[in-house]
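K.L.:
Could you have a look at this structure, given as structure tokens, before my questions?
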Amino acid sequence: EAQVTQNPRYLITVTGKKLTVTCSQNMNHEYMSWYRQDPGLGLRQIYYSMNVEVTDKGDVPEGYKVSRKEKRNFPLILESPSPNQTSLYFCASSLFWTTTYEQYFGPGTRLTVT
Amino acid sequence: AQSVTQLDSHVSVSEGTPVLLRCNYSSSYSPSLFWYVQHPNKGLQLLLKYTSAATLVKGINGFEAEFKKSETSFHLTKPSAHMSDAAEYFCVVSDRDTGRRALTFGSGTRLQVQP
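So the protein lines, in turn, are chains A and B. At position 38 of the first sequence the residue is numbered 642 (the numbering used here), and the sequence of numbers has no breaks. At position 58 of the second sequence the residue is numbered 126 (the numbering used here), and the sequence of numbers has no breaks.
If you want it as structure tokens, here you go:
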């Protein structure tokens, strides 16, 4: 089944403890992206990647890192999480970066930082 | 710069009545426009998309939207609401000529369907 998977789905952690949220897609998509969803704000892009080893900042990149060493994986790293990073995170992918291709979303990761 | 305004944060309809979710957009270039739906505790699913072909776009589950450039609108409609349509709906714009290819999301409209 074609899909985007994220792990973990739920995570509660403490301020400053490094964490990684994994994202994997099995559709051979070139483009991948991370978003965070906060009430009343819709989804905002954190980072994106047009292909392997090509990543760039989105609208809200502060406090996050990403890497794209393989086409299928695009992990999101929070090196020193803070409470303002408590949010619902979505990974997405599409075949190519051009806008005619729809983005497929993972099921989301709900992160709580205390 | 691109932006999206969903004019209603919450819409309530009765089952079997029409649905109208309103969306206005702003874009410097020729935009692509999307509607996504998010059911409780689920990810986002694409309902339909406009990418410069026909201005009336048909999507899944009986939804459709009309691109009106003169009004910068992309309203979502459905002739008859079902209980299963209760969810949050996001209007999304993407500028086709920007390399970043970011999606800009509206703040969402929560659709409630009364029996």
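Note that the Cβ used here is the ideal one computed from N, Cα and C, for glycine as well. These numbers come from a predicted model, not from an experiment.
(1) Assuming L732 of chain A contacts Q641 of chain A (C-beta within less than 8 Å), just tell me the rounded distance between them.
(2) The beta strand (DSSP E) that contains R648 of chain A, what's its start and end?
(3) Between the C-alpha atoms of Q689 of chain A and T713 of chain A, what's the straight-line distance to the nearest angstrom?
(4) Name the chain B residues that come within less than 9 Å of Q629 of chain A, Cβ to Cβ?
(5) For L144 of chain B versus F158 of chain B, is the C-beta spacing smaller than 8 Å?
(6) Alpha carbon to alpha carbon, what distance is there between D153 of chain B and I128 of chain B?
(7) Output the distance between the C-alpha atoms of L116 of chain B and F173 of chain B, rounded to the nearest integer angstrom.
(8) What does the alpha-carbon distance come out to for the pair L647 of chain A and L112 of chain B?
(9) Measure how close the beta-carbons of S686 of chain A and V717 of chain A come, nearest whole angstrom, since I'm counting them as under 8 Å.
(10) P612 of chain A to A122 of chain B, Cα distance in whole Å?
(11) Using a Cβ-Cβ distance under 8 Å, would P711 of chain A count as near chain B?
(12) I'd like the ranges of any beta strand (DSSP E) spanning at least 3 consecutive residues and lying wholly in the segment 70 to 112 of chain B.
(13) For a cutoff of 8 Å on Cβ pairs, would you count Q649 of chain A as touching chain B?
(14) Along the beta strand (DSSP E) that carries S698 of chain A, what are the first and last residues, could you check?
(15) By how many angstroms is the C-alpha of A149 of chain B removed from the C-alpha of P86 of chain B?
(16) Name the chain A residues that come within less than 7 Å of K25 of chain B, Cβ to Cβ?
(17) Counting only C-beta atoms, is K110 of chain B closer than 8 Å to chain A at any point?
(18) Given this structure, state the Cα-to-Cα distance separating S628 of chain A from T177 of chain B, to the nearest angstrom.
P.N.:
On the basis of the coordinates in this document:
(1) Outside the displayed range of chain A (605 to 718) lies residue 732 of chain A, so it cannot be described from this structure.
(2) If you number the first sequence from 1, residue 648 of chain A lands on position 44. Residues 646 to 655.
(3) Indexing the first sequence from 1 puts residue 689 of chain A at position 85. Indexing the first sequence from 1 puts residue 713 of chain A at position 109. Approximately 12 Å, taken between the alpha carbons.
(4) On the first sequence, position 25 is the one that residue 629 of chain A refers to. The premise fails here: Q629 of chain A is roughly 13 Å from chain B at the closest Cβ pair, so nothing lies under 9 Å.
(5) Taking the second sequence and counting its residues from 1, the one referred to as residue 144 of chain B is at position 76. Taking the second sequence and counting its residues from 1, the one referred to as residue 158 of chain B is at position 90. It is not a contact, given that the beta carbons lie outside the stated cut-off.
(6) The residue you call residue 128 of chain B lines up with position 60 of the second sequence. The residue you call residue 153 of chain B lines up with position 85 of the second sequence. Taking the straight line from one Cα to the other gives about 11 Å.
(7) Looking up residue 116 of chain B in the second sequence gives position 48. Looking up residue 173 of chain B in the second sequence gives position 105. Going from the Cα of L116 of chain B to the Cα of F173 of chain B covers about 14 Å.
(8) Sequence index remark: in the first sequence, residue 647 of chain A carries index 43 (1-based). Sequence index remark: in the second sequence, residue 112 of chain B carries index 44 (1-based). Whole-angstrom Cα-Cα distance: 11 Å.
(9) Translated into positions along the first sequence, residue 686 of chain A becomes position 82. Translated into positions along the first sequence, residue 717 of chain A becomes position 113. Correct: roughly 6 Å between the Cβ atoms.
(10) Residue 612 of chain A sits at position 8 when you count from the first residue of the first sequence. Residue 122 of chain B sits at position 54 when you count from the first residue of the second sequence. Their backbone Cα atoms lie some 40 Å apart in a straight line.
(11) Along the first sequence, one-based indexing puts residue 711 of chain A at 107. Output row for P711 of chain A: interface = yes.
(12) 71 to 74, 78 to 82, 87 to 89, 91 to 94, 99 to 106
(13) Taking the first sequence and counting its residues from 1, one reaches residue 649 of chain A at position 45. With 8 Å as the cut-off, Q649 of chain A counts as an interface residue toward chain B.
(14) What you label residue 698 of chain A is simply residue 94 of the first sequence in a count that begins at 1. Taken as a continuous stretch (DSSP letters only), the beta strand (DSSP E) holding S698 of chain A covers 691 to 698.
(15) Within the second sequence, numbered from 1, the residue matching residue 86 of chain B stands at position 18. Within the second sequence, numbered from 1, the residue matching residue 149 of chain B stands at position 81. Taking the straight line from one Cα to the other gives about 6 Å.
(16) Since the first residue shown for chain B is 69 and the last is 183, residue 25 of chain B is missing from the structure and cannot be characterised.
(17) Position 42 of the second sequence, counted from the start, is the residue given in the question as residue 110 of chain B. Taking Cβ atoms only, chain A reaches closer than 8 Å to K110 of chain B, which makes this a yes.
(18) The residue you call residue 628 of chain A lines up with position 24 of the first sequence. The residue you call residue 177 of chain B lines up with position 109 of the second sequence. Going by the C-alpha atoms only, they are around 29 Å apart.
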